[in-house]
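Asks: Would you mind keeping the following structure in view while I ask a few things?
Protein chains: 2
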Amino acid sequence: MQAVPDLAETTAPALDESLSAEIAQLMQPGAARMRTHGPEAAELWDEAVAALAGGKRIRPRLLVETYDALAPEGAAPAPRALALRVAATLEILHVALLLHDDVIDGDLTRRGRDNLIGSLHRRTAARDDEHSLHRARSAAILVGDLLLALTHQSLARLPLATARRTSLLDLLDDALCETVAGEFLDVSLADGALDPDVSTVLEMTRSKTAAYSVELPLRWAAVLADADPATGWALARVGRHVGLAYQLQDDALSVFGDAACHGKDPFSDLREGKETAIIAYARTTGAWEGIRRHLGAPDLTEEQALTLQRLLVDCGARRHVEALTAIEMRAARALLADGALPVRARPVLDRLLDRLEDRAA
Amino acid sequence: MQAVPDLAETTAPALDESLSAEIAQLMQPGAARMRTHGPEAAELWDEAVAALAGGKRIRPRLLVETYDALAPEGAAPAPRALALRVAATLEILHVALLLHDDVIDGDLTRRGRDNLIGSLHRRTAARDDEHSLHRARSAAILVGDLLLALTHQSLARLPLATARRTSLLDLLDDALCETVAGEFLDVSLADGALDPDVSTVLEMTRSKTAAYSVELPLRWAAVLADADPATGWALARVGRHVGLAYQLQDDALSVFGDAACHGKDPFSDLREGKETAIIAYARTTGAWEGIRRHLGAPDLTEEQALTLQRLLVDCGARRHVEALTAIEMRAARALLADGALPVRARPVLDRLLDRLEDRAA
Chain A
1 MQAVPDLAET
11 TAPALDESLS
21 AEIAQLMQPG
31 AARMRTHGPE
41 AAELWDEAVA
51 ALAGGKRIRP
61 RLLVETYDAL
71 APEGAAPAPR
81 ALALRVAATL
91 EILHVALLLH
101 DDVIDGDLTR
111 RGRDNLIGSL
121 HRRTAARDDE
131 HSLHRARSAA
141 ILVGDLLLAL
151 THQSLARLPL
161 ATARRTSLLD
171 LLDDALCETV
181 AGEFLDVSLA
191 DGALDPDVST
201 VLEMTRSKTA
211 AYSVELPLRW
221 AAVLADADPA
231 TGWALARVGR
241 HVGLAYQLQD
251 DALSVFGDAA
261 CHGKDPFSDL
271 REGKETAIIA
281 YARTTGAWEG
291 IRRHLGAPDL
301 TEEQALTLQR
311 LLVDCGARRH
321 VEALTAIEMR
331 AARALLADGA
341 LPVRARPVLD
351 RLLDRLEDRA
361 A
Chain B
1 MQAVPDLAET
11 TAPALDESLS
21 AEIAQLMQPG
31 AARMRTHGPE
41 AAELWDEAVA
51 ALAGGKRIRP
61 RLLVETYDAL
71 APEGAAPAPR
81 ALALRVAATL
91 EILHVALLLH
101 DDVIDGDLTR
111 RGRDNLIGSL
121 HRRTAARDDE
131 HSLHRARSAA
141 ILVGDLLLAL
151 THQSLARLPL
161 ATARRTSLLD
171 LLDDALCETV
181 AGEFLDVSLA
191 DGALDPDVST
201 VLEMTRSKTA
211 AYSVELPLRW
221 AAVLADADPA
231 TGWALARVGR
241 HVGLAYQLQD
251 DALSVFGDAA
261 CHGKDPFSDL
271 REGKETAIIA
281 YARTTGAWEG
291 IRRHLGAPDL
301 TEEQALTLQR
311 LLVDCGARRH
321 VEALTAIEMR
331 AARALLADGA
341 LPVRARPVLD
351 RLLDRLEDRA
361 A
């Protein structure tokens, strides 16, 4: 099977290096501060640095690409160096949210590798399993707090006029509230406090990930490039559709994709019984009784997982979610064709949509 | 037994009303945002508002009192309204830290009442105990994130010159790093990853609470009042001593004080086996074998708790920690007598120390 194309593969490696340098610079003062508080605090910060290494950096790349497209037509764009700094800040926010999400989900891995919790736990598990895990989870809460604080500290110190800095802060506030609302919906679904109908699951999916992953980078880019307000709104609308399409696809790839390509634990979503649109749809079909028997079993065998996959295909759940994804993609394309975005910005979004379509293939 | 005097009892009720009004105003935009995301998000925000109600508000009061004392002599003090806003922000930070601390400690109560976790859990526990608790704990992580973000949003938007706003942000950064370092020491001690010697426990005690509870309000007040830098440094030094004295006392009152007065669950620290300087000292004595037998037993009886109390008194642990507290108080008094603080600021700190001494009595 062919590898799923990386969403960001067309981006120059130079951008990745610049982002790494920016992230390193933003993390520098914290390193100095934490080292004054002894080896445990220094260890905590080292874990934060490690959590920020690697990753595809889809979000910050989207921000910089959009800024680059919009800035030449902006009235008074902020310097590109600041766009890079805000992009690095976005990656720090992303990791902060992932850490708290991993605590909430009880996950020890992410993308097939130890996450911060797994890494700390592995180092001390020999001593006492339960205490080692508690310490590792507590560390993830605390590192998430430090990175969430750093996200805000970075924005608060941007050398921009008050109005523009405030716009960036407003957008962060919006995105964080929506993400938290989505995460709480997810928890409420997982813990059985809410009925998992398709529309609730779609709202959760959009809020939890799409808001800060796609809409926020596009809108931050528009503010930094000093694009006119209509462009910001158009990007927000396109971003909502693209963001939902991306996340629906991500959920589908996790269940049906090739683990060697997407890099996740194969079947981990099925083993955890993760509430996705696929599952919400399957619940409305006659196949549900057969599906629920295995879904969410921590000791799911490969054979059972393959059975689950087949049932989810046969009941139409896969087709349904692929259709939902296609609707969101078409809505985004229609907005682009509508001419609401400046000419130079369209190719950035078109490329993103092309890559999403390749990825779904 | 006479009630323990409230640390803040001499403060005018008008200040408490002003602080409540400021907190309400800071929480207002979040309420509007969260309500757009449906009833679950609105519930989350209501819980945040409830977590901010009540409390003694020692920290914001100390900030405003110090500002009031310093501002008349400051070169260009910020308006008092901004000092109130920063004071309200400090209370929001305090509650954010408490929420994550409660998740880490697994606590369902605080000061003898349901905390956010206990309150949410109680409302849904009938359905499914384990899931209800997981949802409530996840909510506490998420509300803590929102309040930590709000702390930074509030500072970032202060209508002050960049240099002064940056000073306030720097102090927040310092305090948060130190608090996280202290919290991680606490977790590492509780989970047995660190030897609980007295000096490590004292460092933990100072970092986890004293830094943001006393040093931060004093230093923020100095910046807002535009006091000279020497005053800021002197307040930092006094604050470190007072903060440690306060926390040592708090630990002693939790173990030896009258529960009807301090309002905590009687014996909860003994039942949880909380690592305090009292316990760290007791560990070095011959009484330790008798103490460890009951310490940390979730089902500790009142009789066993009274035995523990007696053992901790007889082995000298209480005396030792009271002596440590007295050393910190004397160090703070000596700095005040030294004349490093402006004349008008001394009574604020003197009154605080007087109240601490009454409280210890």
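Chains as they are written, first to last, in the UniProt record's numbering: chain A, 1 to 361; chain B, 1 to 361.
We treat Cβ as the ideally placed atom computed from N, Cα and C, and that holds for glycine.
Being a predicted model, the structure only gives us computed values, none of them experimental.
#1: Go ahead and pull the three-state DSSP assignment for A/Thr109.
#2: Note down, in chain order, every chain B residue with its Cβ under 8 angstroms from the Cβ of A/Glu183.
#3: Once the 5 residues before and after B/Ser18 are set aside, which same chain residues still bring their CB inside 6 angstroms of it?
#4: Just how far apart, CA to CA, sit B/Val348 and B/Leu62?
#5: Measuring CA to CA, which of B/Arg330, B/Ala287 and B/Gln247 is closest to B/Ala317?
#6: For a quick check, are the C-beta atoms of B/Asp102 and B/Arg111 less than 9 angstroms apart?
#7: Check distances from the C-beta atoms of the region 100-116 of chain A to those of chain B and list, in chain order, the residues that come in under 7 angstroms.
#8: Could you list which residues in chain B have their beta carbon closer than 7 angstroms to that of A/Val187, in chain order?
#9: What residues from chain B crowd round A/Gln153, counting only those whose CB sits closer than 7 angstroms?
#10: Run down chain A in chain order and give the residues with a C-beta less than 7 angstroms from the C-beta of B/Gly30.
#11: Leaving out five residues on either side along the sequence, give the residues of the same chain with a beta carbon under 8 angstroms from the beta carbon of B/Glu22.
#12: Assuming contact is defined by CB atoms lying nearer than 9 angstroms, are residue 370 of chain B and B/Ile104 in contact in what I supplied?
#13: Taking Cβ-Cβ distances shorter than 8 angstroms, what residues in chain B pair up with A/Arg68?
#14: Against A/His121, what residues of chain B qualify as contacts under a CB-to-CB distance less than 8 angstroms, listed in chain order?
#15: Distance cutoff 9 angstroms, beta carbons only. Does A/Ala8 sit that close to anything in chain B?
#16: Keeping to the same chain, check which residues put their C-beta closer than 7 angstroms to that of A/Leu311; ignore five residues upstream and five downstream.
#17: When the cut-off is 9 angstroms and only beta carbons count, does B/Leu44 lie next to chain A?
#18: Using the C-alpha atoms, what's the distance from B/Trp233 back to B/Gly74?
#19: Name the DSSP beta bridge partners of A/Asp114, please?
#20: In chain A, which residues lie less than 7 angstroms from B/Val343 when you measure between Cβ atoms?
#21: Given that B/Ser207 touches chain A, what residues does it touch there, using C-beta distances under 7 angstroms?
#22: For B/Ser207, I'd like the list of residues in its chain whose CB is within less than 6 angstroms of its CB, leaving aside the five on either flank, ordered along the chain.
#23: With a threshold of 16 other CB atoms inside 10 Å of the CB of A/Glu130, please say whether the residue is buried or exposed.
#24: Which residue from B/Leu356, B/Glu328 and B/Leu341 puts its Cα closest to that of B/Tyr67?
#25: Whose Cβ in chain B lies nearer than 7 angstroms to the Cβ of A/Ala41?
#26: Do B/Ala136 and residue 364 of chain B count as a contact pair if the criterion is CB distance below 9 angstroms?
#27: Take the Cβ of B/Leu352 as the centre, count every other Cβ of all protein chains shown within 10 Å, and call the residue buried at 16 or more, exposed below.
#28: Residues of the region 193-226 of chain B in Cβ contact with chain A at a cutoff of 8 angstroms, in chain order, please.
#29: Give every residue of the same chain whose Cβ lies closer than 7 angstroms to the Cβ of B/Thr10, excluding the five residues on either side of it in the sequence, and list them in chain order.
#30: Are A/Pro72 and A/Arg344 close, meaning C-beta to C-beta below 9 angstroms?
#31: Can you tell me where the alpha helix (DSSP H) holding A/Thr307 begins and where it ends?
#32: Quick one: Cα of B/Gln2 to Cα of B/Arg319, how far?
#33: Do the CB positions of B/Asp145 and A/His152 come within less than 9 angstroms of each other?
#34: Residues of chain A with CB closer than 7 angstroms to the CB of B/Ala87, please, in chain order.
#35: In chain B, which residues lie less than 7 angstroms from A/His131 when you measure between Cβ atoms?
#36: Alpha carbon to alpha carbon, how far is A/Leu324 from A/Thr301?
Replies: With the structure as the only source:
#1: strand
#2: Ser138 and Leu142
#3: Leu84
#4: Going from the Cα of B/Val348 to the Cα of B/Leu62 covers about 8 angstroms.
#5: B/Ala287
#6: no
#7: His100, Val103 and Ile104
#8: Arg135 and Ser138
#9: Residues of chain B passing the Cβ test: His152, Leu169 and Asp173.
#10: Cys177
#11: Leu84, Arg85, Ala87 and Ala88
#12: For residue 370 of chain B there is no data in the structure shown, the boundaries of chain B being 1 and 361.
#13: Looking at the sequence shown, residue 68 of chain A is not Arg but Asp. In chain order: nothing, as chain B lies at least about 26 angstroms away.
#14: The premise fails here: A/His121 is roughly 11 angstroms from chain B at the closest Cβ pair, so nothing lies under 8 angstroms.
#15: Because the pLDDT of A/Ala8 is 45, which lies under 50, any placement of that residue in the model is unreliable, and the number read from its coordinates should be weighed accordingly. Answer no: the Cβ-Cβ gap between A/Ala8 and chain B never drops below 9 angstroms.
#16: Ala287, Gly290 and Ile291
#17: yes
#18: Their backbone Cα atoms lie some 15 angstroms apart in a straight line.
#19: A/Thr109
#20: Going along chain A, no residue has its Cβ under 7 angstroms from B/Val343, so there is no contact; the nearest lies around 33 angstroms.
#21: His37
#22: Glu178, Ala181 and Gly182
#23: exposed
#24: Minimum Cα-Cα distance from B/Tyr67 among the listed residues B/Leu356, B/Glu328 and B/Leu341 corresponds to B/Leu341.
#25: Ala181 and Phe184
#26: Residue 364 of chain B falls outside the range modelled here, since chain B spans only 1 to 361, and no answer is possible.
#27: buried
#28: Ala193, Leu194, Glu203 and Ser207
#29: The predicted model places B/Thr10 with a pLDDT of 44, which falls under 50 and marks its position as unreliable, so this point remains unresolved.
#30: yes
#31: That run of the alpha helix (DSSP H) goes Glu302 to Asp314.
#32: Low confidence applies to B/Gln2: its pLDDT is 36, below 50, so where it sits in the model is not reliable enough to give any reading.
#33: no
#34: Residues of chain A passing the Cβ test: none, with the nearest at roughly 19 angstroms.
#35: Asp191 and Gly192
#36: 30 angstroms
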